[in-house]
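Those letters in the sequence shown? Residues 377 to 506, per the working numbering, in order. Everything on this sheet refers to the single structure shown next.
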Amino acid sequence: MSQSYNRGFIEDFGRWREFTAGMWAWIFHKFTGWVLVGYLFTHIAVLSTATVGTGVYTETLQSLESLFVVRVLEVGLLSVAVFHILNGVRLLMVDLGVGLEAQDKSFYAALIVTGLIAIASVPTFLEGVF
């Protein structure tokens, strides 16, 4: 029979250091999925301005694109989408039995490729803001 004991709040809070790459991949995948769902609602809200008229829609897009914070959020959205896609492909390959022994390496590769794409996209997204 197994026994359980109360570790206390401080010890439970410090357990994040014990997470492996697989646990971080799971956390990041869930987080990026929820961010993409949240973005979907924002996207629909912006698109709904087109029902009022094309002038309102165009004005909304132009006003949003002129904001620096929106451009930075677009880089973040690209990063979230790229990581979610790459990690999803990694999970598909693992489910198919391909690369089971290299799961950690493929997670790190997904992070690195996501970072490289995000850094490479910054000049494009920030063009015309200043």
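Ideal Cβ placement from N, Cα and C applies to all residues, glycine included.
The segment 487-494 makes no contact with the segment 424-439: fewer than 3 CB pairs, one atom from each, lie closer than 8 Å. Taking C-beta atoms under 8 Å as the contact rule, alanine 397 and asparagine 463 fail to qualify, at a distance of about 11 Å. Close CB contacts of tyrosine 415 within its chain, under the 7 Å cut and outside five residues either way in sequence, are with Leu453 (chain order). When DSSP states are grouped into helix, strand and coil, serine 482 belongs to the helix group.
Distance between valine 413 and isoleucine 420, taken at the CA atoms: about 11 Å. Taken through DSSP and simplified to helix, strand or coil, glycine 504 comes out as coil. By the criterion of a C-beta distance shorter than 8 Å, histidine 460 is surrounded in its chain by His405, Thr408, Gly409, Leu412, once the five residues flanking it on both sides are discounted. Within the same chain, no Cβ atom closer than 8 Å to the Cβ of leucine 449 is found once the five residues on either side in sequence are excluded.
Ranking Glu394, Phe444, Pro499 by CA distance to the CA of valine 505 puts Phe444 first. The C-beta separation of valine 470 from glutamine 479 comes to about 6 Å, placing the pair in contact by the 8 Å criterion.
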